[in-house]
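Undergrad: Protein chains in written order, with my numbering: chain A, 55 to 329; chain B, -17 to 305; chain C, 3 to 521.
We treat Cβ as the ideally placed atom computed from N, Cα and C, and that holds for glycine.
This is the structure I have questions about; it appears just below.
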Amino acid sequence: MHNSKYPISLVCGILLLFWIAILIMGAPFLTPFDPLEQNSSLRLEKPSLTHPLGTDRYGRDVLSRTLHGGRTTLISSVLALSSTLFIGLIVGLVAGMYHRSIIDTILMRVIDVLLAFPFMVLAMVIATLFGTSFIHLLIAVVSVWWISFARLTRSVVLQAKNDTSIAAATVLGAKRYVIMFQELLPKAVGPVLVLATFELGSLILSISALSFLGLGSQPPTPEWGSMLADGRDHFFQAPHILLGPTLFIMLTVLAFNLIGEGLRDWFDPNEITKF
Amino acid sequence: MYKIILQKLLQAFITLFCATLVLFILTHLAPGDPVKLRLGLPTEVAMSNTKVYEDRVNELRSQLGLDQTIFVQYVRWVKQLLRFELGNSIHTGRSVSSEIAARLPATILLSIPALLIQIVLGLLFGTISALKAGKTYDSVIRIICVSLASTPAFVLGLFLLWLFAVTFNVYEISSEASLKRMWLPSILLGLLAAPQLIRIVRANMLSEFGQIYVLAALSRGFGTKRVVKHALRNALLPVITVVAISFTTLISGAVVIESIFSWPGIGKYALDSVILHDYPVIQGYAFIMVTLVIFINLFVDLVYFLIDPRIRRKGETGIEDYA
Amino acid sequence: MKKFLFTVLVIGIVVIVLGCSNSDAMSTETENDNDENQELVIVGQEIATSLDPVEPLTASYLRSVGVAEALFIVNSEGEVEPSLAKSATEIDATTWEIKLRPNIAFWSGKAIDANAVIASLERSRSLDLQALPFLDDLTFHEVDEYTIQVKTTREHLNVPLNLSYYQTVIHNAEAKQDSIETMDFSGMYKVVEFDSKQKMVLELNENYWGEKPKINRIIHEEISDGQTRVLSALNGSSHVALNIPVTSMDQFKDNKEVEIVAAPAANTQTIYLNLNQPQFQDVRVRQALSWALDREELVLLGAEGQSTPVTTWLGSNPAFAEAKNAVYTKFDAEKASQLLEEAGWVEEADGIRYKDGNPLTLRLMTWGGDKALGETLQHQWTRIGVKAEVQHGDYSLIQTARESGEWDASIEAWSTFGEPLSLLSGQFSPEGSGNYGGYNDEVTNELLEQLAEASDEENRHQLALKINERVAEQAPVICLFPRPQITAVSKSLNGFEEHFRQFENVVNANLLFSSSHSN
C-alpha cells in the first residue's frame, strides 16, 4: 500500500510552483507598469487599486517589480541551490561510504575549513579578482553553501550503513557504488531535500547581501532579494514595499517545501506508521 | 586511545594550517590596501603632497612587513602563532587576541540561549509535526516555519526592537552586551534558526516511523510515548549535525542581528575587518573559529557515540569513524 | 530523553523570564533617575577607535565631545574664533603672531605654553598625514612663553583657519596617548572609560579654563545601524543621535520628545568623470551630462528631500553661496540633447545615442549610502539616451578601478569649507589628489596661480568664484547637492547648537537638561 495521502503535497507544491511560474513568466503581459520607470510624484504610495502593493521610493510599482524580478531571483537561486545540493549529496555520500578512508578525512577537513571561513572574504575576492558577473555570484554562493548538505548527507549515510538492508547488500556482494546510489541516496534525499527547501529562502536573501560587493543583480534590475534590501531603508515608513517580495519568497519556499516532502515520500517507500 | 587522540590532533593541525594558509592567500589577493585604509580617506583638504603620502604608505608597509611575499608573511604569522600571539590589528594597532577576547564572550552569550531555544522548539514542534503529519497542526507549523525561513532577519529584528524599545519601552538600546539586553536578540536568533530544525526533526521522525520496528512495537502493545521516544532517539543523529552547524554559525557571529541590536559581538567586528582588509584580524578570527569548529565537531562525535546505541554496541569501531 | 527536553525547556524559560524581569527593573531605574545628575547619552555611527589624535578621525571624535581643543575654532557662521589661543594677528604677508592664554593647563597640570603647543603641532605634523596639508606651509617659533610666531611659505595664508581643523588639536606631546590614564588634553570633559568602537564615558574637567559645562557626565556610544539609532532616540535611550538616515525622517514627524536638527553641510556630492575615457574627452558630453540632471528630483529620490541642489563645487560652502546655482541654472534636458547632437552622438531606434557605431556608455560606481542616488542618476541619464549602468559596492572596488584606470564615473563628497586655494587645487590642479579624473585645464591652472599670488581678500574671493565657474563649465565633475547631516536631539536637552560641521561640534558648555522635559 503506497500511502495515498502524501502525493497530495507533491501535487499541491507543483501546482503552486506552476502558478508562480505563470505569474513570473507572464509578468510583461500581466502588469500594466514598467518595472523600471521612476515617477517621483508617486513615491512610497500605500497599496491601492492601481498599485495593489504600493510603490517604492522611486515611485515604481512594487507588484510589477515583484513579478518581473521573479525571473532573475528564481533562476539564480534555483541554479545555486541545485548545484549546492548536487555537490553536497555527492560529497556526503562518498565521505559517508568511505568513512574510514583518506577521502573522508580530506573532505571533512575541507568542510571544517569552509565552515569557519568568512563568506564575505571569499565573495569579495571573487568579485574583485574575477569580476562581478552572474557566474561568479553562483561560484561564491555554491562554494560555501554545499557544506551543510554534505554534512547532513554524511551523517544520514553513517547511520543508514548500520541498517539491515545495507548490511545484506554488502554481504550479497553488491558493488559499493550500487549500494551508494540504490540504498543510501534514497535515505539521504529526504532530510536533505527538506533542508534544501528551507534554505531556498535564506539563499535568496543572502544572494542579495552580495550586491553589497557588487556581485549579483545591479540596479535597476528588479530582484526579490535586492528589493528587500532596498526596502529596508523605509521599513518604518512604508513597510508595504517588503510585502510583495516577502510574500513571493514565502510562496516559493512553500511550494518547494511541499515538493521536497512529496519527493521524500517518493524516495522512501516504507509505509509510515500512523499514531 | 592515545593513538586516536594523536590522530585527532594531527588532523586538527592540518585543518588549521590549510584554513589559515588559504585565507592568507585569498585576503592578500583581494584588492584594497589596508595601509591606505588605515591612513584614512582624505575628504577634508586633499593631501596634495602625494610624495609624502606614498612615502608614508611604503614606510608603514615595510614596518608591517606587507612588502614581503605572501609566503614570507605567512611563515612570520605562523612563527608568531607558535608564541601564542595573533599579532596586532593594522587598523587599531591593538592586539588581535585582546580585541577578539573582548567580543567573543558577547557572541557566546547570545549563541547559547539561542541554540537552546532552537533545540527546544525544533524537537518539540518537529515531533508534534511528525505525529500529526498531514493534519492541521502539521500544516500550521509548516506555514509558520516557511514564513520564518523566508522573512529577512532585519524585518523581525527591527520590528521586535521597535515593539519592545519604543512601544512598550522595556528594552534599553545601548552598545553594551549585558544580561538584561540579551533576551531579545537571543530569542530572535533562536526563532530564526528553529524552522530548519523543526523540519529536519519531522523528516527524520517520519522516516523512523517508516521503520518496521515502530510498527512491530506498536502492534505488540507498547505505548505511543515509548515508541516515539525510541524513534526520537534514532532520529537524533542527523539532528545533532544540524544543531552543530547552527552553533558554529551562531558563534561565528550574526552580523545583521548584532548590528540591529548594537550587540558588540564578533560577527560585525569580523565583517568590518574584512572591509578594512585588516589581515591580522581576519587571520586571528579565522584561526579561532576553525579551532572552535574543530572542538565542536569533536564534541559532536562524542555525542554521536553516546546517543546511537547501534554505534556503541558494535564496539568494533572507535569514535574516529564518526567524525 | 524527556528529562533532557524538560531541563532544556526550563533553562530556556528561565533565561527568557530573567531577561524580561531584568529589563523591567532597568526601565524603572531610569525613570527614577531624574535629578540634575543626568547623564547625556550621545550615539553615533562610529566613535573613536583610539585615543591618540594623530590617528585618522580620532581627533574629530574627541573634539566633538569636548575632550580635545585646537587653537582656533570655526563657529556655526563659518567664522574662525580663538579657542585655546587668545588672539592672532597678521604681522606681514608671511608672518602671524599667535597669543596664547596664560595660566591654562592640560589635565595633567602641564602648562599649555608656546613650547607645549609647538611640540603638539610638530607631533601632528610628523605623525598625521591628514594634518600635513594644514601644517606643511607653516613653521613655528617661540617668541615668549605665551607667544608663537608662525612663518608661512605662501603669502596671505589664513593661519587661524588652518589651526582650527581637528587635525591640529593641541595635546601633550610628551604624554602617551594610548590609555585613559596617560592621555592628556585640555578639554572640558575627561575620558574616564573607553572601549574602542563601543563606548566612551566622559566626566567634567573641574579645572577647565573656560566656561564650565553644566552636565557632569557624558556617554558616547557607537550604534552602527542607522535605524537602531533612530529607535534609541525615539525610546529615550539617547539624547543626541548623530547621522540619522534621511529615510527615517518620517518617524520623527509630530514627535513630542525628539526634534530634528538638519544643518546644511559644507560638502558637495560630486560625480567625478574619468576624462581619459574617449567619450568624456568632449566637453559637450560632460556638460550634457550635467544639464540632463533634474537635481530637485535627485534630492527627493536620493536624499528624501533633505538637501538643496548645488550646481557648482564651491556652492555648498556658506561663503560662496552665491555660486550655488551658477552655470547650470536649471534642469534642461533639451539643452543636454542638443549638446550631444552637436558632439555627434545621435539617438537610434533603441533609444541610445551612438557615434561611429559605438554607444554612449557610462558606468557609475557608487558606495555607502549613495545607492538610491546612483539609481536615480542612471534613470535620468537614460532619458537623454546615455546607456548608463550603476555598480554599487564596497569603496575598495572604486579604489581598485581608479588605480587600473578602468572606470567611468564615481561619487564622492569632499568638504568644501576651508581655504579656497588648497580646496580648489586639491580638486582641480593636475597634481591634486582629489582630482581623480585627470582634469588638466590651462585656464584653470592659470587662475589657480593667480589665486596663489593674490593678496587682497576680495580679489581672492572673486578668483575662487572664477575658478569655480570655469570648472563648472568644463565639467570634469558634476555637482549635485550637499550631503544631508541630520541629528535627532531630545527636547529635554537645551542648548544644542546647529553647525555645518556637526560631526565635530556636538557638545558645548551650555547644554542643559530642562526640568519640564525629562524622559
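Ends of the beta strand (DSSP E) at phenylalanine 74 (chain C)?
TA: 74 to 76
Undergrad: Could you list which residues in chain C have their beta carbon closer than 9 angstroms to that of lysine 250 (chain B), in chain order?
TA: Ser226
Undergrad: Taking asparagine 237 (chain C) as the reference, give the member of B:Ile194, B:Ser156, B:Lys117, B:Gln(-7) with the closest Cα.
TA: B:Ser156
Undergrad: If I'm right that valine 186 (chain B) touches alanine 226 (chain B) with Cβ under 8 angstroms, what's the distance once you round it to whole angstroms?
TA: A small correction: the amino acid at residue 186 (chain B) is asparagine; valine does not occupy that position in the sequence shown. About 15 angstroms; that fails the 8 angstroms criterion.
Undergrad: Run through DSSP, which three-state label would leucine 42 (chain C) get?
TA: strand
Undergrad: Note down, in chain order, every chain B residue with its Cβ under 8 angstroms from the Cβ of proline 58 (chain C).
TA: Arg20, Leu21, Gly22
Undergrad: Give me the Cβ distance between valine 473 (chain C) and tryptophan 293 (chain C), rounded to the nearest whole Å; I'm assuming they're in contact under 8 angstroms.
TA: In this structure, valine 473 (chain C) and tryptophan 293 (chain C) do not form a Cβ contact; the two beta carbons are roughly 16 angstroms apart against a cut-off of 8 angstroms.
Undergrad: Which runs of the beta strand (DSSP E), 3 residues or longer, sit entirely within the segment 185 to 253 of chain C?
TA: 191 to 197, 201 to 206, 219 to 224
Undergrad: Kindly indicate the opening and closing residues of the alpha helix (DSSP H) around arginine 58 (chain B).
TA: The continuous alpha helix (DSSP H) containing arginine 58 (chain B) extends over residues 52 to 64.
Undergrad: If contact means a Cβ-Cβ distance below 8 angstroms, which residues of the segment 368 to 386 of chain C contact chain A?
TA: Here the close residues are Lys373, Ala374, Gly376, Glu377, Thr378, Gln380, His381.
Undergrad: What's the C-alpha gap between serine 287 (chain C) and leucine 128 (chain A)?
TA: The sequence shown places valine at residue 287 (chain C), not serine. Taken atom to atom, the span from the alpha-carbon of valine 287 (chain C) to that of leucine 128 (chain A) is near 39 angstroms.
Undergrad: May I have the straight-line CA-CA distance separating glutamine 487 (chain C) from threonine 310 (chain C), to the nearest angstrom?
TA: 12 angstroms
Undergrad: Ends of the beta strand (DSSP E) at asparagine 269 (chain C)?
TA: For asparagine 269 (chain C), the enclosing beta strand (DSSP E) begins and ends at 269 to 275.
Undergrad: Less than 9 angstroms between CB atoms is the rule here; does phenylalanine 287 (chain B) satisfy it with respect to chain A?
TA: no
Undergrad: So, under 8 angstroms CB-CB, asparagine 510 (chain C) and asparagine 218 (chain C) are touching, yes? Tell me the CB distance rounded to an integer number of Å.
TA: Not confirmed; about 15 angstroms, so no contact.
Undergrad: Output the distance between the C-alpha atoms of leucine 364 (chain C) and leucine 161 (chain A), rounded to the nearest integer angstrom.
TA: 46 angstroms
Undergrad: Nearest chain A C-beta to proline 311 (chain C) closer than 9 angstroms, yes or no?
TA: no
Undergrad: What is the rounded straight-line gap between the Cα of serine 110 (chain C) and the Cα of valine 238 (chain B)?
TA: 42 angstroms
Undergrad: Let's test the definition: count the other Cβ atoms within 10 Å of the Cβ of arginine 230 (chain A) and tell me whether it reaches 16, buried, or not, exposed.
TA: exposed
Undergrad: Are arginine 85 (chain B) and isoleucine 242 (chain B) close, meaning C-beta to C-beta below 9 angstroms?
TA: no
Undergrad: Name the chain B residues whose beta carbon is nearer than 9 angstroms to that of asparagine 93 (chain A)?
TA: Result: empty, since nearest Cβ-Cβ is about 26 angstroms, beyond 9 angstroms.
Undergrad: Near leucine 449 (chain C), which residues of its chain fall below 8 angstroms by C-beta distance, leaving aside the five closest residues on each side in sequence?
TA: Here the set comprises Leu465, Lys468, Ile469, Arg472.
Undergrad: For the alpha helix (DSSP H) containing valine 275 (chain B), name the first residue and the last one.
TA: From DSSP, the alpha helix (DSSP H) with valine 275 (chain B) extends over 261 to 289.
Undergrad: Start and end of the beta strand (DSSP E) containing aspartate 146 (chain C)?
TA: For aspartate 146 (chain C), the enclosing beta strand (DSSP E) starts and ends at 140 to 146.
Undergrad: So, helix, strand or coil for lysine 241 (chain A), using DSSP?
TA: helix
Undergrad: Among A:Pro240, A:Glu253, A:Val225, A:Ser63, which has the Cα closest to the Cα of glycine 146 (chain A)?
TA: A:Pro240
Undergrad: Three-state secondary structure (DSSP) at methionine 367 (chain C)?
TA: strand
Undergrad: Below 9 angstroms on C-beta distance, what does asparagine 279 (chain B) contact in chain C?
TA: Correct list: empty, because the minimum Cβ distance to chain C is about 21 angstroms.
Undergrad: Can you give the beta carbon distance from glutamate 277 (chain A) to serine 262 (chain A), rounded, assuming they're within the 8 angstroms contact cut?
TA: 7 angstroms
Undergrad: In chain B, what lies closer than 7 angstroms to methionine 304 (chain A) by C-beta?
TA: In chain order: Val128, Ser129, Ser132.
Undergrad: Return no unless some Cβ of chain C is closer than 9 angstroms to the Cβ of aspartate 115 (chain A).
TA: no
Undergrad: Look at the alpha carbon of arginine 154 (chain A) and the alpha carbon of isoleucine 123 (chain B), and state the distance between them as a whole number of angstroms.
TA: Rounded to whole angstroms, arginine 154 (chain A) to isoleucine 123 (chain B) spans 39 angstroms at the Cα level.
Undergrad: Cutting at 8 angstroms between CB atoms, please list the residues of its own chain near leucine 204 (chain C), excluding the five before and the five after it.
TA: Val67, Gly68, Val69, Tyr191, Lys192, Val193, Val194, Arg219, Ile220, Ile221, His222
Undergrad: Check the Cβ of glutamine -7 (chain B) against every Cβ in chain A and list those closer than 8 angstroms, keeping chain order.
TA: Thr159, Arg163
Undergrad: Would you say isoleucine 258 (chain A) and tryptophan 200 (chain A) are within 9 angstroms of each other, going by their C-beta atoms?
TA: no
Undergrad: Entirely within the segment 136 to 174 of chain A and at least 4 residues each: give me those alpha helix (DSSP H) ranges in chain order.
TA: 156 to 169
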